[in-house]
Amino acid sequence: MDDKTTTLQRPFFSSEQVMAGADKMYRQRLSDIERAGYLDKDELFLARIKKVAQVLIQQAAQDFPETRTWQWEIHSSSEHEETAYSMAGGKILLNQLQIERWSLNDAELAMLLSHEIAHAVLEHNRLEYEQALVLFPAWHQRSFEELEDAVDNDESLLRALAPLCKQQEEEADAAGLRLAQRAGFSMISLVNFYKKLSRNSANPNFDSKSHPAPARRWMAMRELALQLSK
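If you read the sequence shown in numbering that gives the first Met the number 0, its first letter stands for residue 0, the second for the next number, and so on.
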């Protein structure tokens with residue numbers, strides 16, 4: 000992260016504003032998935048991910064007291080192109096097909112969920128928006144809703160924010176591993192999620208636009224697990 004980010008004196012946006020915007024976008028995404036016939040198609044699967052998530056959410060409430068009032072929400076999509084993601088305030092979407100294809104056990108599923116929970120509790124959405132304003136001050140003259148959309152879709156912003164996004168992925172990996180460990184999940188199985196991530200990647204040794212290389216993430220989690228086990 001560059002000096003411009005670290006020298007911010009105050010947030011440009013309140014957490015409440017960002018969470019309200021995230022909730023609106025989440026509702027729209029769920030509506031789109033439901034119209035396409037892919038939302039929460041398997042009740043047993045949905046119950047499973049919610050059960051695992053609840054253990055992690057309870058741990059997050061201890062570690063991050065500000066989350067105790069959040070209205071967490073977990074849904075699943077069976078759309079082939081969907082990816083797992085979370086939004087401010089605890090709005091999470093998982094891809095059922097990916098989880099089944101990778102044969103994730105509950106601890107491996109917990110790692111995926113804990114990673115997404117970490118994005119939310121670390122307020123990564125808000126930090127992305129603020130970095131966008133630092134890098135492109137002209138966006139101060141535009142609406143917050145326009146900025147929300149641009150951070151996800153504007154190619155120039157996506158390229159400029161790529162280093163921050165990769166850093167946030169690493170932060171969510173580490174914070175998620177710690178959270179899931181404190182919640183009582185097996186460290187070996189938690190790290191094994193990253194093994195499956197790497198082995199199911201078409202390019203495990205290369206960064207994508209927004210994510211570090213899967214093989215490097217697996218190595219980093221193995222090293223962190225060793226430190227936490229001492």
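Cβ atoms here follow ideal geometry from the backbone N, Cα and C, with glycine treated the same way.
Asked	Found
9 Å Cβ cutoff met for E127 and L163	yes
Cross-strand partners of H139 (DSSP beta bridge)	Per DSSP, none; premise fails for H139.
Closest Cα partner of E129 within the set L176, K194, R215, A149	A149
S197, DSSP secondary structure in three states	helix
Cβ neighbour criterion (16 or more within 10 Å) applied to A59	buried
Beta-bridge partners of Y84, as assigned by DSSP	L92
Own chain, CB closer than 6 Å to D105, minus 5 neighbours either side, in chain order	V51
Integer Cβ distance of S230 from E107, believed to fall under 8 Å	Outside the shown range of the chain, which is 0 to 229, sits residue 230, and nothing can be said about it.
Buried or exposed (CB count within 10 angstroms, at least 16 for buried), N124	buried
Three-state secondary structure assigned by DSSP to F118	Checking the sequence shown, residue 118 turns out to be His, not Phe. Correct three-state label for H118: helix.
Three or more C-beta pairs below 8 Å linking the segment 7-27 and the segment 87-99	yes
The segment 135-155 contacting the segment 91-103, beta-carbon criterion three pairs below 8 Å	no
Closest by C-alpha distance to E115, when choosing among A224, E168, D22	E168
Endpoints, alpha helix (DSSP H) assigned at E15	14-35
I73 - partner residues in DSSP beta bridges	I91
Spatial neighbours of T6 in its chain, beta-carbon cut-off 8 Å, leaving aside the 5 residues before and after	Confidence is the limiting factor: at T6 the pLDDT is only 42, short of 50, which leaves the residue's position unreliable, though a coordinate-based value still follows. Within the same chain, T6 has no close Cβ partners at all.
Exposure label - S75; buried when at least 16 CB within 10 Å	buried
Status (buried if at least 16 other CB within 10 Å, exposed otherwise) for M218	exposed
Separation of D22 from V190, as counted between CA atoms	31 Å
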